[in-house]
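Using our numbering, the first residue of the sequence shown is number 2, and each one after it goes up by one.
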Amino acid sequence: ELAVVAGGLAIVVLGYIIDRFLISRTGNNHLAQVLLTVGVAFIIGEFCLAIWGGDNLKVPVPSYLRGSIQLPGDIFYPRYRFALIVFGGLAALSLWLLYKKTQIGAVVRAGVDDREMVNAVGINVDRLFVLVSALASFFAGVAGVVGGAFLSLNPGAEWDILVLALVVVIIGGLGSLEGAILGSIIVGLLDAYGRWLLPEFSYFVLFGPMAILLLFRATGIFGKEH
């Protein structure tokens, strides 16, 4: 439990430094932000390689989450992965409620759509977005720790996750929380079944539907045209 909190807080600090001193200088240039963060990821990856080496590492699973649970139909499923499904569902629900049903979420949505107007009514949008970035960084750090218990941790593993995350955003639609949830389910199923049924064409199974979707709806499933 301590590692989960520590990992989340560590990435909050790192994310704040990157946002405060690098990303904030790019303004609304999204391409520059993408290139900048990719460059930072390379630097951090090489830094980690120099410190910890290239050996695979794993985060130990807590004793109370080891073993399997029995589901209906005499199906046994790893207890830890089941806990991750529950945790992920609760996290997604909490974010949706915060974003859609609270005043803070309404201000965030307004700041995304019309930053100048929100600033004009006396709300510091920059400070608000720093808090949003901190929350996102915390969840990213937590995900890295809990995912390290069943995924190999090694320099370069982040790019596998990044590719899947980009596909999720493209399919679901940029700026849509509902799209991110639905997109993650679709991408997870496509990736799992693709590797199982057609391992030689697993990337085609993943990227093919994405390309077809973009041909007919360039903004993704829930994305909005601006």
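Idealized CB from N, CA, C, for every residue including glycine.
**OP:** Classify LEU190 as buried or exposed, calling it buried when 16 or more other Cβ atoms lie within 10 Å of its own Cβ.
**Re:** For the purposes of this step, residue 190 is taken as the residue at position 189 of the sequence shown. Exposed.
**OP:** Tell me whether SER138 sits in a helix, a strand or coil according to DSSP, three-state version.
**Re:** Taking the sequence shown and counting its residues from 1, one reaches residue 138 at position 137. It is helical.
Original post:
Between ALA150 and VAL62, what straight-line distance do the alpha-carbon atoms span, to the nearest angstrom?
Top reply: Along the sequence shown, one-based indexing puts residue 150 at 149. Along the sequence shown, one-based indexing puts residue 62 at 61. One C-alpha to the other measures close to 6 Å.
Original post:
In three-state DSSP terms, what is PRO1?
Top reply: This structure leaves residue 1 out entirely; the chain is present only between 2 and 227.
Original post:
Looking only at DSSP bridge pairs, what is GLN71 linked to?
Top reply: The count along the sequence shown starts at 1 and reaches residue 71 at position 70. Partner(s): PHE77.
**OP:** Write down the C-beta distance between VAL147 and MET211 rounded to the nearest angstrom, noting that I regard them as a contact closer than 8 Å.
**Re:** Working through the sequence shown from its first residue, we reach residue 147 at position 146. Working through the sequence shown from its first residue, we reach residue 211 at position 210. Not really, about 26 Å apart at Cβ, beyond 8 Å.
Original post:
What is the rounded straight-line gap between the Cα of SER134 and the Cα of ASP75?
Top reply: Locating residue 134 in the sequence shown gives position 133, where the first residue counts as 1. Locating residue 75 in the sequence shown gives position 74, where the first residue counts as 1. Taking the straight line joining both Cα atoms gives about 43 Å.
Original post:
Shortest alpha-carbon distance to TYR100 belongs to which of GLU117, LEU215, ARG110?
Top reply: Within the sequence shown, residue 100 is the residue found at index 99, counting from 1. Cα-wise, what sits closest to TYR100 is ARG110.
Original post:
If you draw a straight line from the alpha carbon of VAL87 to that of ARG80, how long is it in whole angstroms?
Top reply: Numbered from its first residue, the sequence shown carries residue 87 at position 86. Numbered from its first residue, the sequence shown carries residue 80 at position 79. Straight-line Cα distance between these residues: approximately 11 Å.
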